[in-house]
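For the sequence shown, position 105 (counting from the first letter as 1) is numbered 104 according to numbering that gives the first Met the number 0, and the numbering increases by one without interruption.
For glycine and all other residues, C-beta sits at the position ideal for the given N, C-alpha and C.
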Amino acid sequence: MKKARCLVLLLLGSLGSWSAARAQDVVLVANKSVKISEITNADLRAIFIGTKTRFADGSHAVPVTLKGGPAHEVFLKHYVGENPEEFRSQWRKLVFTGQGAMPRAFGSESALIEYVADTPGALGYASRISSHDNVKLLAAVK
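Structure representation (structure tokens):
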């Protein structure tokens with residue numbers, strides 16, 4: 000009986016954390032120099048997996064990520080279609096073969112947003128932004 004209770008509690012706890020991460024909204028943030036206001040899911044994925052280095056208007060794209068956390072996991076799953084380990088593994092291959100440099104990763108959303116605000120062409124994501132952040136929001140479209 001105790002084992003069954005423990006199993007149920009463990010299951011409920013893991014379901015709760017999974018649904019919290021899944022339900023979290025992720026917004027796309029870009030440097031204000033980025034001329035586009037929306038990006039296709041395909042272009043977004045290509046930029047973040049290193050197969051594309053430019054936005055649709057031809058300007059240079061600088062992808063940046065979080066080091067981990069719910070927003071990072073939701074972004075990778077929803078927009079890139081990979082889990083964090085698959086994402087790191089793919090980038091390691093590109094770096095090892097000299098075909099790319101891993102995107103800069105930040106330990107906090109505020110550090111990522113600050114970098115995006117200061118870096119022309121930068122593109123990242125966060126769970127939220129404030130009106131004081133000096134970045135623009137991009138809409139993802141299919």
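The DSSP-derived three-state label of residue 103 is strand.
Residue 41 is positioned such that its CB atom lies no closer than 7 Å to that of residue 126. Residue environment for residue 62: buried (at least 16 other C-beta atoms within 10 angstroms of its C-beta). By the criterion of a C-beta distance shorter than 7 Å, residue 79 is surrounded in its chain by 44, 47, 48, 86, once the five residues flanking it on both sides are discounted. Inclusion of residue 135 and residue 34 in the CB contact set at 7 Å is not warranted, their separation being larger than that value. The alpha-carbon separation between residue 39 and residue 55 amounts to approximately 9 Å.
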